[in-house]
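Have a look at the structure below, then the notes.
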Amino acid sequence: MNKKLLTKTLIASALVLTTVGSGFHSSSNYNGINNVAKAAETTDRQLWKNVRDALKEANIIDGNENETIDVNYKLKNGSENKISANGNSNGDFSKQNIDIESLTTINIKKVNISNFNERIDANNTWKNLTNKLKGQKIIKDGDKVTIHSKDQKDPKISGIVGQDFTEHKNYMLYKKDIDKITIN
309 MNKKLLTKTL
319 IASALVLTTV
329 GSGFHSSSNY
339 NGINNVAKAA
349 ETTDRQLWKN
359 VRDALKEANI
369 IDGNENETID
379 VNYKLKNGSE
389 NKISANGNSN
399 GDFSKQNIDI
409 ESLTTINIKK
419 VNISNFNERI
429 DANNTWKNLT
439 NKLKGQKIIK
449 DGDKVTIHSK
459 DQKDPKISGI
469 VGQDFTEHKN
479 YMLYKKDIDK
489 ITIN
């Protein structure tokens, strides 16, 4: 009987020493692990709101009821999800926790456009959008971000996050024509 108790105690002690020895319980490593987990986990509502805010700050949308923003993202398990709402939504829709792997596509639909002839600088728009999305930890250095226009004459405004982007400087896009953003 004492032999069984001694064996169980030794095994339990070894497990504790292994866990403590791994550094998992030390404050510096634990905080680092915790921060990494927080960066990858969010709610679908928060992801959508962060994307919508980035689009507004980059002057791609106005954030009104005449704009619909579809946010497509890949989950860690390989499946894909989409969340969609009008640009003026305050986020009173789904609040599902998601473990996001990557944002893949943003689709934008606009009707009854009030600023029909407004034009925006393609280069500045790309930089503003990617800086905002990167600041929200939605994209990272090395991701390829492309702004698409429904006007076939417009080039795709594409670059790699974290690299100097000067293509399409002073190229003016009609704001109404931006309908899709892809992230690879």
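Here the sequence shown is numbered in the working numbering, starting from 309 and rising by one per residue.
Cβ atoms here follow ideal geometry from the backbone N, Cα and C, with glycine treated the same way.
* To do: Go through its chain and collect everything with a Cβ distance to E426's Cβ below 6 Å, but skip five positions before and after it.
  => Position 118 of the sequence shown holds residue 426. If you ignore the 5 residues before and after E426, its C-beta comes within less than 6 Å of the C-beta of K483, all in its own chain and listed in chain order.
* To do: Would you kindly work out how many angstroms separate the C-alpha atoms of N436 and G443, rounded to a whole number?
  => Sequence index remark: in the sequence shown, residue 436 carries index 128 (1-based). Sequence index remark: in the sequence shown, residue 443 carries index 135 (1-based). So the alpha carbons of these two residues sit roughly 11 Å apart.
* Asked: In the DSSP assignment, what are the bridge partners of S410?
  -> Along the sequence shown, read from residue 1 onward, the residue named residue 410 stands at position 102. According to DSSP, which records beta bridges pairwise, S410 is partnered with K382.
* Span of the alpha helix (DSSP H), counted from its first residue to its last, around N439 -> Locating residue 439 in the sequence shown gives position 131, where the first residue counts as 1. Taken as a continuous stretch (DSSP letters only), the alpha helix (DSSP H) holding N439 covers A430 to G443.
* For A362, which of helix, strand or coil comes out of DSSP? -> Numbered from 1 along the sequence shown, position 54 holds the residue referred to as residue 362. DSSP, read as helix, strand or coil, puts A362 in helix.
* Under 7 Å, do T376 and K440 count as touching if we go by C-beta distance? -> Taking the sequence shown and counting its residues from 1, the one referred to as residue 376 is at position 68. Taking the sequence shown and counting its residues from 1, the one referred to as residue 440 is at position 132. No, these two residues do not count as a Cβ contact at 7 Å.
* Within its chain, find whatever has a CB closer than 7 Å to the CB of G470; leave out the 5 residues flanking it on each side and keep chain order. => Along the sequence shown, read from residue 1 onward, the residue named residue 470 stands at position 162. For G470, where only same-chain residues beyond five positions count, the Cβ hits under 7 Å are D449 and G450.
* To do: Flag this pair as touching only if the segment 477 to 491 and the segment 398 to 407 have three or more C-beta atom pairs under 8 Å; answer yes or no.
  => no
* Out of I489, D370, E475 and R353, state which residue places its alpha-carbon closest to the alpha-carbon of N432. => Position 124 of the sequence shown, counted from the start, is the residue given in the question as residue 432. Among I489, D370, E475 and R353, the Cα nearest to that of N432 is on E475.
* Asked: Got a sec? Which residues, its chain only, sit under 6 Å from N372 by beta carbon, not counting five neighbours each side?
  -> As a first step, residue 372 must be located in the sequence shown, where it is residue number 64. Here the set comprises G395 and N396.
* To do: Using three-state DSSP, classify D487 as helix, strand or coil.
  => Taking the first residue of the sequence shown as position 1, residue 487 is located at position 179. Strand.
* **Delimiting residues of the beta strand (DSSP E) encompassing V453** => Within the sequence shown, numbered from 1, the residue matching residue 453 stands at position 145. Run containing V453: K452 to S457, per the beta strand (DSSP E) assignment.
* beta strand (DSSP E) containing D350: first to last residue? -> Residue numbering aside, residue 350 sits at position 42 when the sequence shown is read from its first letter. Checking the sequence, you will find Thr at residue 350 rather than Asp. Note, T350: beta strand (DSSP E), E349 to T351.
* **For V453, the nearest candidate out of I468, D462, I446 and D459 (CA to CA)** => Taking the sequence shown and counting its residues from 1, the one referred to as residue 453 is at position 145. That would be I468, whose Cα lies nearest to the Cα of V453.
* Asked: So, helix, strand or coil for K390, using DSSP?
  -> Within the sequence shown, the letter at position 82 stands for residue 390. If DSSP states are grouped into helix, strand and coil, K390 belongs with the strands.
* Looking at E409 and K384, is the spacing between their C-beta atoms short of 7 Å? -> If you number the sequence shown from 1, residue 384 lands on position 76. If you number the sequence shown from 1, residue 409 lands on position 101. Yes, the pair counts as a contact, with Cβ atoms nearer than the cut-off.
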